[in-house]
Structure formats: C-alpha cells, structure tokens
Amino acid sequence: VSGGPIDDYLAELRRRVPWHARGRRRFLDELRDHLEEAADAAGASVAMTRNEAEQQAVRRMGPPSAAVTAFSAQAPSRAWVPPAVAVVVAGVLAGALVVTKASSSAHRGATRAAPTVTLAAWARTTIPISGGTRAMRARARRILDGIGRTNIVRVAFGRPRDGFRQFRAVPGPIWLSVTIGSDGLGLRRFLDTGPPLWGALVFEHSYEGTQPAGSPSIRGTTELVTDGRHTLPFESEPAGREAAVSSPTPAVVARVVRRAARASAFRLDSVRLVHAGAGDLAASVVLTVLSRRDFARRLEAFGQATQGLSDRLYGFATTFEDSCGDRVFVNGVGFEWANARWLCPNPFVLGPLTSRRECARLAREQPTCSAAA
Amino acid sequence: MVLSGSMRSESLKGHLDMLLLATLRTAPAHGYLVVQRLAEVSGGELALPEATIYPALHRLERAGFLRSSRELHRGRPRRTYALTPAGESALAGKREEWERFARTVARTLEASG
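Residue numbers (our numbering), protein chains in the order written: chain A, 25 to 397; chain B, 13 to 125.
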C-alpha cells in the first residue's frame with residue numbers, strides 16, 4: 025500500500041524487520057505515531073503540503089537501515105518459537121467468529137434483553153435513533169451531527185455482553201457497539217479523530233467496534249476501555265498494512281495460550297478467534313484467577329509466554345476474571361485495565377493507578393466479590 | 013533531530029541511555045516528546061536518527077529503568093515513558109561517571125596545553 029511517505033517508510037521497515045521479532049508491532053506502532061505527530065506539527069507550523077510534511081518527518085527518522093539496526097541490536101530474543109512442522113487443524117474456522125468455551129461459570133447465564141439504539145452515518149441521511157433514554161438520544165444526535173461524514177455504519181446501545189461483568193454493575197443501558205465500514209485508508213484517521221467519537225463515552229463506560237462479518241476491508245476488532253477519565257483503544261489497522269505477516273493457525277493459538285495459562289496457574293475459560301480476512305487472525309482470551317498469590321508475577325509470566333504469539337496475531341486481548349466473574353485485569357493491543365483491588369499500585373501502567381490514595385479510592389468502587397476473593 | 017554540524021550519532025550512542033533517562037527525569041513523555049526535549053535542551057546539537065530512540069526506550073524499560081503505558085495525548089493514544097526509582101539510581105550513577113570522565117578529559121587537555 026503506498027499512501028504517502030510515512031506509509032512507504034513503514035512498509036519498508038515491515039519488510040526488513042523480521043515478522044517474528046519480539047516487540048516488532050509495538051516498535052512499528054510507535055514509529056507511526058511519532059511520524060504522524062511530527063508531520064502534523066510540521067504542517068501546522070510551516071506552509072507545507074501534507075506530503076512535504078510527511079517527507080520531512082521521515083527524513084528526521086533517519087534511513088530505515090538505521091532503525092532496523094537499532095531494533096535488531098536491542099530487541100530481546102523471541103519468547104516463543106513457532107513450530108517448524110505445520111499443525112494439522114481439525115475444524116478450520118469457516119465463519120467469521122468461533123467461540124471455544126472450555127468452561128463456564130454458572131452465574132453467566134443471566135443476560136438481560138438489550139435495549140438498542142441503531143444509528144447510521146455512512147451517508148448523509150437522517151439517522152433513525154431509537155431506544156435508550158431521551159437524553160441519550162439527544163446526545164447521540166448531537167455527536168453524530170458533529171462528526172459529519174464518517175465510516176460508522178451502525179451504533180447499538182444496550183446491555184453489555186455477559187463477559188463484561190464489571191460494566192454490567194452500572195445501572196442503565198451502558199453498552200455501545202459500533203460497527204465501522206472502511207475502504208482501509210481512513211480507518212486509522214477515524215480512530216485517531218478524538219473528541220467526537222470519544223464524546224460518545226459521556227454516557228458510556230465501554231464500547232466495542234466489531235468487524236462486519238465477511239467484510240475484507242477491515243481487520244481485527246476495536247475496543248475501548250475507560251475508567252471515566254482515561255480511554256484507550258484496542259487498535260485496528262486498515263487491511264494490507266502487514267500482509268507479509270503470517271498468522272498462526274487456530275490450533276497453535278489455542279495450544280500456546282493453554283500452555284501459558286497452565287504455566288502461570290490461571291484457568292483458561294475461553295479462546296475466541298476472529299478471522300479478520302486475508303488470513304489474519306485475532307484472539308480474545310478469558311482466564312480465571314483462582315488465587316491472589318504472586319498475581320503480578322504470574323500475570324507478567326503469562327504475558328511473556330504469549331508475547332511471540334501476540335506479535336503474530338492481528339490482535340490479542342486477554343481478560344482475567346476472579347472466581348466471581350468480576351474483571352481483574354484486561355489487556356488489549358492498545359490498552360490495559362486493572363482492578364484496583366487486585367493490582368494497585370499497578371506496576372505495568374502509569375496514571376492514577378500509581379497513587380496509593382487513588383488506589384484505595386478506586387478499590388472501593390470495584391465489585392465486592394473481588395474483595396472476598 | 014538529524015542536523016548538519018551537530019554531534020555525530022556515533023558519538024552519542026554510548027550516552028544515549030543517560031540522555032534518555034535525564035530527559036524523562038523531568039516528566040513522563042512519549043517518544044516524540046522525548047526527541048523534542050532533547051533537541052530543545054541541546055540547542056539542536058544532538059544528532060540521532062529519531063527512530064533509534066525507540067529500541068533504546070524499550071531496552072531501558074526491560075531493564076526496569078523505565079515503565080510505560082498507553083495514554084491519551086491530545087486525543088491520540090500514545091505510549092508514555094516514565095522513570096522508575098531504579099532508573100533514578102541508574103541516572104545518578106551514569107551522571108557521576110560522566111562527570112568524572114569529563115573532568116579527567118578536561119584535566120588531560122589542559123595539561124597538554
């Protein structure tokens with residue numbers, strides 16, 4: 025894909041940095057963020073076309089060879105080596121989504137019917153809004169009117185899925201599902217748009233954007249988690265950006281996750297695989313934390329054991345729950361969230377969870393079942 | 013930050029860790045901001061291909077001298093780095109080492125006329 029100097033530079037790096045190298049994705053993501061910010065700054069301060077601003081940003085990065093050399097010299101060794109022998113996959117995924125449920129807690133059965141609001145903003149037509157409260161509908165209207173032409177094709181409000189137990193404790197219809205359509209080029213910019221989209225979170229605690237089933241134009245899933253002040257996205261990228269990266273097979277994903285869970289003493293509840301088109305695979309894993317003992321260390325061990333797998337997947341999200349089904353720790357490509365009762369101060373993130381006072385306050389807001397675990 | 017007539021990147025490599033830790037000592041920052049701060053405080057004298065700071069930041073994080081998180085910066089998600097207590101200690105050690113080295117070189121040059 026040749027979308028400009030930044031895309032060309034990153035495409036060159038993708039060719040040169042081994043796909044299996046640990047930290048590859050993070051490195052490339054950070055470079056993209058850096059380049060886009062530098063190009064924005066250059067374009068804003070000097071009369072420059074976007075292309076010229078991107079060229080300047082790329083020049084300042086230095087030659088791709090310098091980046092690759094620096095990365096190769098300092099990257100750690102791989103945590104996981106893919107098997108040389110191809111794994112025979114029994115039951116290859118034919119649909120867009122397959123859920124493998126290893127076990128299930130009894131309390132997960134009660135899901136309330138979802139009141140929904142459906143919005144469409146693909147074309148400039150009047151968007152029907154229904155469901156929710158009057159305030160929600162008015163707010164949604166203002167947000168959509170302010171966004172202008174977008175590639176949102178559907179927004180649905182309702183109760184969160186059963187898996188999102190932490191959010192289910194909040195009264196009212198707090199669940200917002202966003203479906204995005206894209207030609208691939210505008211998606212990243214759309215996700216970076218900022219205030220208009222994030223404004224939807226005024227009356228939400230979470231949203232999930234899902235890939236339209238069968239659509240080859242978007243890969244992966246997009247999710248947000250917020251604590252009310254900080255909102256972080258589960259990243260997604262347009263199709264074709266990492267065509268050279270081969271996805272592991274579903275069987276390999278399941279095996280690596282199973283081993284990592286066993287070694288870290290977590291109970292594996294489910295591995296959800298999402299076929300994101302063009303051979304790309306994303307995975308969402310749910311685990312149960314049965315014991316508080318060495319939790320942070322075991323969490324880190326699980327992350328290290330799955331790092332190699334994560335780098336090869338289009339997206340890899342892990343959710344750790346306690347024995348009551350309350351969320352303990354959530355980790356996606358672009359976000360982390362920790363239950364303050366379990367991990368606070370949090371050694372893995374900055375922000376409010378590093379303050380003991382804030383930890384105490386946040387812990388009081390968490391479900392009581394976690395306290396008894 | 014690649015500037016003509018500035019310090020060559022080879023000269024900086026050995027001191028990159030110290031420079032990054034010192035830059036982050038003032039406040040947490042994401043990579044682009046780190047580069048901006050380095051450029052500002054050095055008056056543009058530090059020449060380094062900007063892409064090369066990220067592997068260094070990652071390595072310092074693995075060593076426990078930095079920690080990082082994804083945070084929103086002007087509406088965009090950015091990985092932000094901050095100095096840890098171990099990083100503070102490491103910086104103090106490197107600073108002491110650098111000052112001793114600089115004093116030694118200065119004395120040697122003065123003695124040679």
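By construction, the Cβ of each residue, glycine as well, lies at the ideal position given by its N, Cα and C atoms.
- Under the criterion of beta carbons closer than 8 Å, Leu311(A) and Thr273(A) do not qualify as touching, at roughly 21 Å.
- In chain order, Val295 and Val309 place their CB closer than 6 Å to the CB of Val281(A), counting only its own chain and leaving out the 5 sequence neighbours on each side.
- Arg40(A) is a Cβ neighbour of Val92(A), given a cutoff of 8 Å.
- Shown here, Glu76(A) sits in a helix according to DSSP, grouped into three states.
- DSSP places Ser308(A) in the uninterrupted beta strand (DSSP E) bounded by Leu305 to Thr312.
- Looking at Arg91(B), Val46(B), Gly76(B) and Leu69(B), the one whose alpha-carbon comes closest to that of Pro97(B) is Gly76(B).
- Among the CB atoms of chain A, none fall inside 8 Å of the CB of Glu52(B).
- In the DSSP annotation of this structure, Val41(A) is not part of any beta strand (DSSP E), being labelled neither H nor E.
- Residue contact check for Thr64(B) against chain A: a CB pair falls below 8 Å.
- Out of Leu55(A), Leu337(A) and Asp53(A), the CA that lies nearest to the CA of Ala306(A) is found in Leu337(A).
- Below the 7 Å Cβ cutoff, chain B contributes Pro61, Glu62 and Ala63 as neighbours of Met85(A), in chain order.
- Just so you know, the alpha carbons of Gln328(A) and Phe353(A) end up roughly 16 Å apart.
- Identification of residues in the segment 318 to 346 of chain A having a C-beta nearer than 9 Å to some C-beta of chain B yields an empty set.
- Per DSSP, reduced to three states, the secondary structure at Phe290(A) is coil, with no helix or strand assignment.
- According to DSSP, His70(B) shares a beta bridge with no other residue.
- Taking C-beta atoms under 8 Å as the contact rule, Pro67(B) and Phe51(A) qualify, at a distance of about 7 Å.
- By the C-beta criterion, the segment 28 to 48 of chain B is judged to be in contact with the segment 91 to 111 of chain B, since at least 3 inter-stretch pairs fall below 8 Å.
- Secondary structure of Phe353(A) (DSSP, three-state): strand.
- Per DSSP, the beta bridge partners of Leu95(B) are Leu78(B).
- Per DSSP, Ala341(A) is one residue of the beta strand (DSSP E) stretching across Gly339 to Glu345.
- Under the 8 Å Cβ criterion, the segment 27 to 39 of chain A counts as touching the segment 66 to 84 of chain A, having at least three qualifying pairs.
- Between the beta-carbon of Ala289(A) and that of Arg316(A) there is about 11 Å, and that puts the pair past the 8 Å contact cut.
- Per DSSP, Ser271(A) is not a residue of any alpha helix (DSSP H), being assigned neither H nor E.
- Residues of the segment 49 to 77 of chain A that bring their beta carbon within less than 7 Å of a beta carbon in chain B comprise Phe51, Glu54, Leu55, Asp57, His58, Glu61 and Ala62, in sequence order.
- In terms of Cα proximity to Pro61(B), the closest of Val46(B), Ser80(B) and Thr38(B) is Val46(B).
- Counting only Cβ-Cβ distances below 8 Å, Gly43(B) has contacts in chain A at Glu54, Asp57 and His58, in chain order.
- According to DSSP, Glu36(A) shares a beta bridge with no other residue.
- As DSSP reads the structure, Arg90(B) sits in a beta bridge with Glu83(B).
- For Ala325(A), same chain residues with a beta-carbon under 6 Å away, outside a window of 5 residues either side, are Ser288 in chain order.
- For the pair Ala63(B) and Ala65(A), the CB atoms are not nearer than the 8 Å cut-off.
- Chain-order list of chain B residues neighbouring Phe353(A): empty, with the shortest C-beta distance near 14 Å, by a criterion of under 9 Å.
- Ala91(A) has a beta carbon lying within less than 8 Å of a beta carbon in chain B.
- Between Ala278(A) and Ser271(A), the alpha-carbon positions lie close to 13 Å from each other.
- The contact set of Ala364(A) on chain B, defined by CB atoms closer than 8 Å, is empty, because the minimum CB distance reaches about 15 Å.
- Just measuring C-alpha positions, the residue of Asp335(A), Arg283(A) and Glu54(A) sitting nearest Tyr93(B) is Glu54(A).
- In this model, Asp29(B) and Ala94(A) are separated by some 13 Å (Cα to Cα).
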